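A.B. asks: Below is one structure. I have some questions about it.
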Amino acid sequence: MNRSNIARNSKGNPVENLKALCLSYDKWSALGSMTGDKDKLSDFLKIQKHKEVKLSSRRSALQDDLTRRTASIQATRGMGVMLPTRRLEVIELNLGYLETRVDERGTINQDKASLVAQGWMSKSAFCMATHRRGICQIASSGFEDPAHPQQGLQSLSRHFMACISPKSSPSMVKDFEELMQKEFKMSSMGELTFFLGLQVKQTTAGIFLSQDKYVKDILNKFDFRTIKPASTPIEAHKSLGKDEEGEDVDVHLYRSMIGCLMYLTASRPDIMFAVCLCARFQVTPKVSHMHAVKRIFRYLKHQPKLGLWYPKDSPFHLEAFSDSDYAGDNHDRRSTSGGCQYLGRRLVSWQCKKQTIVAISSTEAEYVAAASCCAQVLWMQNQLLDYGFNFMNTEIHIDNESTICIVKNPVLHSKTKHIQIRHHFIRDCYEQRLINVVKVHTDDNVADLLTKGFDLARFNFLVVTIGMMNP
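For the sequence shown, counting from 1, position 44 maps to 44 in the UniProt record's numbering; every step adds exactly one.
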């Protein structure tokens, strides 16, 4: 059988025809002679067709799974825009850095993210110039010469860097605005005041981030306008359980409330622990869980305008705090990890997560929390490389001496074989001088706010210490 016969016999089957035409001389030689190895050729084509059908089936299954997950997330998000947490962390990291780069007008004007900070908006792009990667994506969509693909990007980069330069003239800025409007349908909307649900207030003393408009919206949505205020988001030392004997509540309403509160944690670390605790019971919520969620809304009624303050006169260095609540869950006795990261005195990232293991000692629980905090610090170090900052020996403050000894002293490593290997990368980071672990007194560990509930006095102290205030 020759190649023309294969094409003619498979004419009615596009798949077989494509396979036949794609066979190279090397594959023909590997299969044997074209006249004597018909069976090998047939088997080869059957295998290829089977692989294609299997791949198509897998692709369809993945698409269905993605559609289902997207619908589920949108259903539980409730109000607001569905936004990955990591993207919000990047925004807060940018604003925390940009506060050290303010011009004589008092507005952000000397960084790669300055277009976002000055209110540039696009009809077709999510964000412009947050970092070099964003410029490349926008440039590749319409600012290229097919004959010289690199010239478009280089031209845009030159315009952009010249525009944000301290020596830029008004005419240069105007030319750049016209270029952005012409090529990408972007327009300058003035100084940044509202971005992705975050309200940004820029002053000569610093930047204030809040979501009080969003708080008002969700209070109205769930008819909590006249609800009785509460001074804390959760009762002191209270741990919720599954409450299997309790009465069921509307699962859709419960998930909608949790979704709204989860989005609010983008600027409210004071409710982070309470929201994460209530979010564990979204499968079968009970009346007791609903009461806990309503208490969070009562606290928001009491403190609707609380937000993050990024002072201008703050030192610029990266540091972190780590803590855990040992065996805080009364049901499975798992601990809760808490961590927060600062640029100087500016809180730019925080985490609260229930640990996946059952720690058999407080040292193990603190060690796992420190490893999680270390991973976040490494990510921030990598992000800050875009700004030309290579932070080494970043201090992670821990209030457990035994945990610090395990990280620093290799002699004690033989006593930690019961700890999962994946948590031990913090040792390598310490040896490579990427981080440094430092002892901090328990009373001064601000990450404690993210691990448990407190009485009013201790709660207010931690809220102020972590970097939150009212406008």
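In this text, a Cβ means the ideal position worked out from N, Cα and C, and glycines have one as well.
For clarity, every value in this text was computed on a predicted model and none was experimentally measured.
Are the beta-carbon atoms belonging to Arg-334 and Gln-355 less than 7 Å from one another?
C.D. replies: For the purposes of this step, residue 334 is taken as residue 334 along the sequence shown, with counting starting at 1. For the purposes of this step, residue 355 is taken as residue 355 along the sequence shown, with counting starting at 1. In contact: Arg-334 and Gln-355 (Cβ atoms closer than 7 Å).
A.B. asks: Nearest-angstrom Cα distance between Tyr-214 and Val-440?
C.D. replies: For the purposes of this step, residue 214 is identified with residue 214 of the sequence shown, where counting begins at 1. For the purposes of this step, residue 440 is identified with residue 440 of the sequence shown, where counting begins at 1. Approximately 35 Å between the Cα atoms of the pair.
A.B. asks: What's the C-alpha gap between Tyr-310 and Lys-353?
C.D. replies: Position 310 of the sequence shown holds residue 310. Position 353 of the sequence shown holds residue 353. Cα-Cα distance, rounded: 25 Å.
A.B. asks: When we look at the beta-carbon of Gly-32 and count the other beta-carbons within 10 Å, is it buried (16 or more) or exposed?
C.D. replies: Residue mapping note: residue 32 aligns to position 32 of the sequence shown, counting from 1. Because Gly-32 sits at a pLDDT of 46, beneath the cut-off of 50, its placement in the model cannot be relied upon, and the point is left open.
A.B. asks: Considering only C-alpha positions, which residue in the set Tyr-387, Asn-436, Gln-420 and Asp-399 is nearest to Lys-408?
C.D. replies: Stepping through the sequence shown from its first residue, residue 408 is reached at position 408. Closest option to Lys-408, Cα to Cα, is Asn-436.
A.B. asks: Mind the definition here: the stretch 293 to 309 touches the stretch 224 to 232 only if three or more C-beta pairs lie below 8 Å; say whether that holds.
C.D. replies: Contact holds: three or more Cβ-Cβ distances are below 8 Å.
A.B. asks: I need the DSSP call for Ala-457, collapsed to helix, strand or coil.
C.D. replies: Numbered from its first residue, the sequence shown carries residue 457 at position 457. Reduced to three states, the DSSP call for Ala-457 is helix.
A.B. asks: Evaluate the contact criterion for the stretch 449 to 467 versus the stretch 392 to 401: three or more CB pairs, one atom per stretch, below 8 Å.
C.D. replies: no
A.B. asks: Just checking my contact of residue 504 with Gly-307 at CB under 8 Å: how many whole Å lie between their CB atoms?
C.D. replies: Since the first residue shown for the chain is 1 and the last is 471, residue 504 is missing from the structure and cannot be characterised.
A.B. asks: Take the Cβ of Met-180 as the centre, count every other Cβ of all protein chains shown within 10 Å, and call the residue buried at 16 or more, exposed below.
C.D. replies: Position 180 of the sequence shown, counted from the start, is the residue given in the question as residue 180. Burial call: buried.
A.B. asks: Kindly give me the distance between the Cβ atoms of Asp-323 and Asp-448, rounded to whole angstroms, as I take these residues to be in contact under 8 Å.
C.D. replies: Position 323 of the sequence shown, counted from the first residue, corresponds to residue 323. Position 448 of the sequence shown, counted from the first residue, corresponds to residue 448. The Cβ separation is near 5 Å, so the contact holds.
A.B. asks: CB-CB under 6 Å to Asp-243, same chain, minus the five flanking residues each way: which ones, in chain order?
C.D. replies: The sequence position of residue 243 within the sequence shown is 243, counting from 1. Once the five neighbours on either side are set aside, the close Cβ partners of Asp-243 are Lys-286 and Ser-288.
A.B. asks: Could you spell out the range, first to last residue, of the beta strand (DSSP E) harbouring Met-172?
C.D. replies: Residue 172 sits at position 172 when you count from the first residue of the sequence shown. It is not in any beta strand (DSSP E) - Met-172 instead sits in the alpha helix (DSSP H) that spans 170 to 184.
A.B. asks: Among His-237, Leu-343 and Thr-465, whose alpha-carbon lies nearest the alpha-carbon of Thr-451?
C.D. replies: Position 451 of the sequence shown, counted from the first residue, corresponds to residue 451. Closest by alpha carbon: His-237.
A.B. asks: Could you pull out every residue in the same chain whose Cβ sits closer than 6 Å to the Cβ of Met-469, ignoring the five residues on either side in sequence?
C.D. replies: By 1-based counting over the sequence shown, the position of residue 469 is 469. Same-chain partners within the cutoff: Trp-309.
A.B. asks: Taking 6 Å as the limit between beta carbons, can you name the residues of its chain near Thr-35, skipping five residues before and five after?
C.D. replies: To locate residue 35, count along the sequence shown from 1; it is residue 35. Low per-residue confidence applies at Thr-35: pLDDT is 45, beneath 50, and the placement is therefore not dependable, though the value from the model is reported in the following sentence. Hits under 6 Å: none found.
A.B. asks: Does DSSP put Gln-383 in a helix, in a strand, or in coil?
C.D. replies: The count along the sequence shown starts at 1 and reaches residue 383 at position 383. If DSSP states are grouped into helix, strand and coil, Gln-383 belongs with the helices.
A.B. asks: Between the alpha carbons of Tyr-367 and Ser-337, how many angstroms are there, rounded?
C.D. replies: Here the question's residue 367 lines up with position 367 in the sequence shown. Here the question's residue 337 lines up with position 337 in the sequence shown. Going from the Cα of Tyr-367 to the Cα of Ser-337 covers about 10 Å.
A.B. asks: Could I get the ranges of all uninterrupted alpha helix (DSSP H) runs contained in the stretch 417 to 471, with 4 residues as the minimum, in chain order?
C.D. replies: 425 to 431 and 456 to 466
A.B. asks: Excluding sequence positions up to five away, which residues of its chain have a Cβ less than 7 Å from the Cβ of Leu-343?
C.D. replies: Here residue 343 refers to the residue found at position 343 of the sequence shown. Once the five neighbours on either side are set aside, the close Cβ partners of Leu-343 are Gly-96, Tyr-97, Phe-316 and Leu-318.
A.B. asks: Where does Ser-256 sit, in a helix, a strand or coil, going by DSSP?
C.D. replies: Walking along the sequence shown from the start, residue 256 turns up at place 256. Here Ser-256 sits in helix by DSSP.
A.B. asks: If you draw a straight line from the alpha carbon of Met-189 to that of Thr-284, how long is it in whole angstroms?
C.D. replies: Taking the first residue of the sequence shown as 1, we reach residue 189 at position 189. Taking the first residue of the sequence shown as 1, we reach residue 284 at position 284. Each residue's CA atom was taken as its position, placing Met-189 and Thr-284 some 45 Å apart.
A.B. asks: Given that a residue counts as buried once 16 or more other Cβ atoms are within 10 Å of its Cβ, and exposed if not, what is Gly-388?
C.D. replies: Locating residue 388 in the sequence shown gives position 388, counting from the first residue. Exposed.
A.B. asks: Nearest-angstrom Cα distance between Pro-233 and Lys-174?
C.D. replies: If you number the sequence shown from 1, residue 233 lands on position 233. If you number the sequence shown from 1, residue 174 lands on position 174. Taking the straight line from one Cα to the other gives about 48 Å.
A.B. asks: Which residue marks the beginning of the beta strand (DSSP E) containing Asp-348, and which one marks its end?
C.D. replies: Within the sequence shown, residue 348 is the residue found at index 348, counting from 1. First, the residue type needs correcting, since residue 348 is Val and not Asp in the sequence shown. 346 to 354 is the extent of the beta strand (DSSP E) around Val-348.
A.B. asks: Take the Cβ of Pro-471 as the centre, count every other Cβ of all protein chains shown within 10 Å, and call the residue buried at 16 or more, exposed below.
C.D. replies: Sequence index remark: in the sequence shown, residue 471 carries index 471 (1-based). So Pro-471 counts as exposed.
A.B. asks: Could you have a look at Met-161 and say whether DSSP puts it in helix, strand or coil?
C.D. replies: For this step, residue 161 is matched to residue 161 along the sequence shown. Caution applies to Met-161, whose pLDDT of 49 falls short of 50 and renders its modelled position unreliable; the model cannot decide the point.
A.B. asks: Can you determine whether any heavy atom of the ligand ATP sits closer than 6 Å to the C-beta of Arg-345, and answer yes or no?
C.D. replies: As presented, the structure is devoid of all ligands, the ligand ATP included, so that no description of it is given.
A.B. asks: Where does Asp-270 land, buried or exposed, given buried means 16+ other C-beta within 10 angstroms?
C.D. replies: As a working note, residue 270 is residue 270 in the sequence shown. It is buried - the Cβ of Asp-270 has at least 16 other Cβ atoms within 10 Å.
A.B. asks: Buried or exposed for Trp-171, going by 16 or more other Cβ atoms inside 10 Å?
C.D. replies: Translated into the one-based positions of the sequence shown, residue 171 becomes position 171. Here residue 171 turns out to be Ser, not Trp, going by the sequence shown. Around the Cβ of Ser-171, a 10 Å sphere holds fewer than 16 other Cβ atoms; the residue is exposed.
A.B. asks: Expressed to the nearest angstrom, what Euclidean distance is found between the alpha-carbon atoms of Phe-321 and Ile-426?
C.D. replies: For the purposes of this step, residue 321 is identified with residue 321 of the sequence shown, where counting begins at 1. For the purposes of this step, residue 426 is identified with residue 426 of the sequence shown, where counting begins at 1. Whole-angstrom Cα-Cα distance: 14 Å.
A.B. asks: Less than 7 Å between C-beta atoms, sequence neighbours within five positions excluded: which residues of the same chain meet that for Ile-466?
C.D. replies: Taking the sequence shown and counting its residues from 1, the one referred to as residue 466 is at position 466. Around Ile-466: Pro-269, Cys-340, Leu-347, Val-446 and Leu-449.
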